[in-house]
Each structure stands twice: as C-alpha cells, then as structure tokens.
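**Q**
There are 2 protein chains.
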Amino acid sequence: MAEQKATNVHWHEGDVTREDRNKLLNQKGATLWFTGLSGSGKSTVAVALEKALIERGKLTYRLDGDNIRLGINKNLGFSAEDRAENIRRIGEIAKLFVDTGVVTLSSFVSPYREDRDLVRELHNDGGMDFIEVFVDVPLEVAEERDPKGLYKKARAGEIPNFTGISDPYEEPLQPEVVLNSHEMSLEEEVELLLNLLEERGLLTA
Amino acid sequence: MAEQKATNVHWHEGDVTREDRNKLLNQKGATLWFTGLSGSGKSTVAVALEKALIERGKLTYRLDGDNIRLGINKNLGFSAEDRAENIRRIGEIAKLFVDTGVVTLSSFVSPYREDRDLVRELHNDGGMDFIEVFVDVPLEVAEERDPKGLYKKARAGEIPNFTGISDPYEEPLQPEVVLNSHEMSLEEEVELLLNLLEERGLLTA
Numbered sequence: 107m108a109e110q111k112a113t114n115v116h117w118h119e120g121d122v123t124r125e126d127r128n129k130l131l132n133q134k135g136a137t138l139w140f141t142g143l144s145g146s147g148k149s150t151v152a153v154a155l156e157k158a159l160i161e162r163g164k165l166t167y168r169l170d171g172d173n174i175r176l177g178i179n180k181n182l183g184f185s186a187e188d189r190a191e192n193i194r195r196i197g198e199i200a201k202l203f204v205d206t207g208v209v210t211l212s213s214f215v216s217p218y219r220e221d222r223d224l225v226r227e228l229h230n231d232g233g234m235d236f237i238e239v240f241v242d243v244p245l246e247v248a249e250e251r252d253p254k255g256l257y258k259k260a261r262a263g264e265i266p267n268f269t270g271i272s273d274p275y276e277e278p279l280q281p282e283v284v285l286n287s288h289e290m291s292l293e294e295e296v297e298l299l300l301n302l303l304e305e306r307g308l309l310t311a
Numbered sequence: 107m108a109e110q111k112a113t114n115v116h117w118h119e120g121d122v123t124r125e126d127r128n129k130l131l132n133q134k135g136a137t138l139w140f141t142g143l144s145g146s147g148k149s150t151v152a153v154a155l156e157k158a159l160i161e162r163g164k165l166t167y168r169l170d171g172d173n174i175r176l177g178i179n180k181n182l183g184f185s186a187e188d189r190a191e192n193i194r195r196i197g198e199i200a201k202l203f204v205d206t207g208v209v210t211l212s213s214f215v216s217p218y219r220e221d222r223d224l225v226r227e228l229h230n231d232g233g234m235d236f237i238e239v240f241v242d243v244p245l246e247v248a249e250e251r252d253p254k255g256l257y258k259k260a261r262a263g264e265i266p267n268f269t270g271i272s273d274p275y276e277e278p279l280q281p282e283v284v285l286n287s288h289e290m291s292l293e294e295e296v297e298l299l300l301n302l303l304e305e306r307g308l309l310t311a
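Going line by line, the protein sequences match chains U and B. Residues 107 to 311 in my numbering are what the first sequence lists, from first letter to last. Residues 107 to 311 in my numbering are what the second sequence lists, from first letter to last.
1. From which residue to which residue does the alpha helix (DSSP H) around tyrosine 257 of chain B run?
2. What does DSSP give as the partner residues of leucine 169 of chain B in its beta bridges?
3. Applying the criterion that 16 or more other CB atoms from any shown protein chain within 10 Å of the CB defines a buried residue, is glycine 307 of chain B buried or exposed?
4. If you measure from the beta carbon of glycine 163 of chain B to each beta carbon in chain U, is any gap under 8 Å?
5. Taking the straight line between their C-alpha atoms, what separation do you get for aspartate 205 of chain B and serine 144 of chain B?
6. Within 10 Å of its beta-carbon, does phenylalanine 140 of chain B have 16 or more other beta-carbons around it, so buried, or fewer, so exposed?
7. In the DSSP assignment, the beta strand (DSSP E) including valine 241 of chain U goes from what residue to what residue?
8. At which residues does the beta strand (DSSP E) containing phenylalanine 316 of chain U begin and terminate?
9. If you measure between the beta carbons of glycine 359 of chain B and serine 287 of chain B, is that distance less than 8 Å?
10. At what residue ranges does the segment 260 to 287 of chain B contain a whole run of the beta strand (DSSP E), taking only runs of 3 or more?
11. Looking at the structure shown, is threonine 137 of chain B part of a helix, part of a strand, or coil, going by DSSP?
12. Rounded to a whole number of angstroms, what is the C-alpha to C-alpha distance between lysine 259 of chain B and isoleucine 193 of chain B?
13. Using the beta-carbon count (16 or more within 10 Å), is glutamate 109 of chain B buried or exposed?
14. Which residue wins for smallest C-alpha separation from glycine 163 of chain B, given the options U:Ile199, U:Asn128, U:Ala262 and U:Asp252?
15. Please compile the residues from chain B whose C-beta is within a distance smaller than 8 Å of the C-beta of tyrosine 167 of chain U.
16. Can you name the residues of chain B whose CB is closer than 8 Å to the CB of aspartate 121 of chain U?
17. Rounded to the nearest angstrom, how far is the Cβ of phenylalanine 240 of chain U from that of proline 278 of chain U, given a contact under 8 Å?
18. Taking a Cβ distance cut-off of 8 Å, strictly less, list which residues of the segment 260 to 276 of chain B are near chain U, in chain order.
19. Using 8 Å as the limit for Cβ to Cβ distance, is leucine 131 of chain B near chain U?
20. To the nearest whole angstrom, what separates the beta carbons of arginine 168 of chain U and glutamate 156 of chain U, a pair I think is in contact under 8 Å?
21. Are the beta-carbon atoms belonging to threonine 269 of chain U and leucine 211 of chain U less than 8 Å from one another?
22. Consider the Cβ of isoleucine 199 of chain B: report whether some Cβ of chain U lies at a distance smaller than 8 Å.
23. Inspect the beta-carbon positions of leucine 303 of chain B and leucine 309 of chain B and report whether they are closer than 8 Å.
24. Within the 8 Å Cβ cut-off, does isoleucine 193 of chain U reach chain B?
25. Have a look at leucine 228 of chain B and glutamate 198 of chain B and give me their C-alpha separation to the nearest angstrom.
26. By the criterion of Cβ-Cβ separation under 8 Å, what are the contact partners of asparagine 173 of chain B in chain U?
27. Taking CB distances under 8 Å as the criterion, tell me whether glycine 177 of chain B reaches chain U.
Right under this line is the structure:
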C-alpha cells in the first residue's frame, strides 16, 4: 500500500478527450498502414520513419509481426478466417492508439482488400487519420531480396498459401501513398511520408 | 500522392527503444489494473485519475468496456473461455501501450485470479510496470449503488453468471493497492494512486 502524500488534487469538469491528448502531445493520432509483399520494404521504411518522428519529438509506435503475432494474435493461425481476424484485431488496436494520439505504423502484408478496407472504416475521422501506404515492388524484386528466405521455401512447397506465390496479393485501388522502394531511396520515402503527415496537420495539435 | 518537400532527413543509428519513447514523454509506461465488482467504483476512480494525470502533462489512456467490448473484443461472449480470452487480449493491449510509454488504466471486473495473474506475467519490467488496484467494497454497497441496474436484473434471473450473485469474484491476494471506495473520498483515492506512481518513478523518464 502506498502512503498518502499528495494533497489538493483538483481536476476540471468533464472527461478527458482525444483532443486533450492530442494537445498534450502536440500531434494528432493517425495510422499509417503499410501493405505489400513480403520483402517489399514495409518494415524498413516504417523503422526509418519511426526514427525520424521520434527525433522530431513525435510519439510513434510500430505494430508488426514481432509484437502482434507473438502477443495478442498468438492464438491465430493462417486460415482465411484467422488471417482476416488477425488484420481486424490489428486495425482495432491501431484505432485505440490513434485515439490515444499516437502516430501508429502498422506493417503487415495484409493482402486482402476487404480486410484493409475494414480497417479504414474503423478509423472514423473523415479519413484523415488513416493513410494506406502501398509498398509496391515487382514480385521479382521482393523474391530476389527474400530477406527471410520465405520465397525460397514457398517455391519449394514448404509454405502453403504464400502471398505472391500461391496466394493472391490484392493491390490497393486508392492508396494514399505508393512507395516504389526499388526505385526510391529510403530518405526519399521518409521525406514523402513526413511531408504527407505535415500536410494533413498531423504533426501539430 | 504527397509532393516531396522535406529534405535532409537524417536519423541516428539503431532502432527506437522503449526508453526513447519514455524520454520523449518524460514518464514511463505502466498499467494500473482496476479490478472489483460491478459498481465498486473502478471506472469512477480511473476517470478521475485520468484527468489528474493529463493535467500534470502525463499521457494516459483508459481501456474499458466501451472501447474494448465494442471494438476488438466484440466477437467474444461471456462463456468461461471467452471471458478469459477477453482479459488476455486486454492484457496484451495494455502491454503494447506500456511499451509505447502510456500510463494505461484498465477497468474491468476481471473476477478470476488466474486471468489477472496472466496479465501480470505479460508485463515484464520486474513488476514495476504492473499495478493491481483492488477496488474493494462489500457486495451490499455495490448492489445498493447498482448504477447500471445490473444487480436488479441478476437477482431477477435475467443475467446468468453475474459476478457476486451467481458467479464468484476471486479477490486479489497481493494487490499493490486496495481502494475502499465506500470509505475513501475520490480525492483520497486519486492522491494515493498519484503518490504510488511518483514513488515508483513512473512520472519521469
């Protein structure tokens, strides 16, 4: 039990709002939803943007396989139903982070348009707080990179239903941003995203 | 597509860490897990603490039935299995918020010791970032308050498996804090919690 020390606790009337949190942070919560093939460069640009934002004093957090698939979604597999539920939960979490005021960087293949559109619909600030970033490289480029050796395994038949090989990737129809990571430098990608955040007024309260 | 404007993007080597986010916020992420009967006063004190923290410039966010049961956990019912999964998911979300640097206020009946202990185990900063707050009032007091009319319905047999009436509430064995909300003022409760956060060094980076 903690000893009682502080005195004269006061607070204003009314509940704390999303605007109060934005003001505290001097930014607005938003989700950047990076989608693209395995090996397209989603996580690379998310990591770089994360650094750039923190250096500017902006609170940001990355949602990725490491902290989601091993955490809240560890009871989900790779059936069609579980893949959809995986993306739905990530979308709901992103929405909570956005409500908190965090610039949220979500980095998942998320190959199905229907699943991504559901996440977009969950975000409800007139579309300003959801930014779909299509990291678009040709399959050949992603497969050549193959940073995790997954394409090799998929071609060998060791991974069933692998996006781009044996499962489809449904390209976004109207993404807010397209990054051709095989033709742009990482610096260019980050600059483009920072500019978009600034233009949308998300880096001030 | 956003026009490219910013130039000279630079960032330090190495990934952004939890410490970097704490430093930016000048606080440390932690979960206050309010547990107790329906009508015990969990949400009341969480709302009051939220206000007090925001007024001190500390980023905080409340997880409660409104944003969880209607969001990420809307596909869960009230079976024993679903109740456990409900708490597990909330615990995993709280952990992500803590990693972000947020003082997270979780307000759910969470009647089972096993479920709460699982959430405690998920938090892993030597126990400093998980604070179990037992909001402890006699059943008679909670039932007399009955702010949502749930006890009345439970007594009438309209709500099966209602905690305190037809389902057990397993009291915490070693909670960090006990709040007897029927004997303490709201101000006293908030002061006690603020002091604990300060003593644990959670309100600075």
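Beta carbons: idealized from backbone N, C-alpha and C, even for Gly. Note that the coordinates shown come from a computational prediction; the quantities given were computed from them, not determined experimentally.
**A** The structure says:
1. 256 to 261
2. B:Ser212
3. Exposed, because fewer than 16 other Cβ atoms sit within 10 Å of the Cβ of glycine 307 of chain B.
4. yes
5. 29 Å
6. buried
7. 236 to 241
8. Past the boundaries of the shown model lies residue 316 of chain U; chain U is included only from 107 to 311, so the question cannot be answered.
9. No answer is possible for residue 359 of chain B: it lies beyond the span of chain B, which begins at 107 and ends at 311.
10. 283 to 285
11. Correct three-state label for threonine 137 of chain B: strand.
12. Cα to Cα, lysine 259 of chain B sits roughly 24 Å from isoleucine 193 of chain B.
13. Its pLDDT being 42, under 50, glutamate 109 of chain B is placed unreliably by the model, and nothing is read from it.
14. U:Asn128
15. Arg127, Leu202, Asp205 and Thr206
16. Val153, Glu156 and Lys157
17. 5 Å
18. none
19. yes
20. Between glutamate 156 of chain U and arginine 168 of chain U the Cβ distance is about 6 Å, and since that is below 8 Å, they are a contact.
21. no
22. yes
23. yes
24. no
25. Leucine 228 of chain B and glutamate 198 of chain B have their C-alpha atoms some 7 Å from each other.
26. Leu202 and Asp205
27. yes
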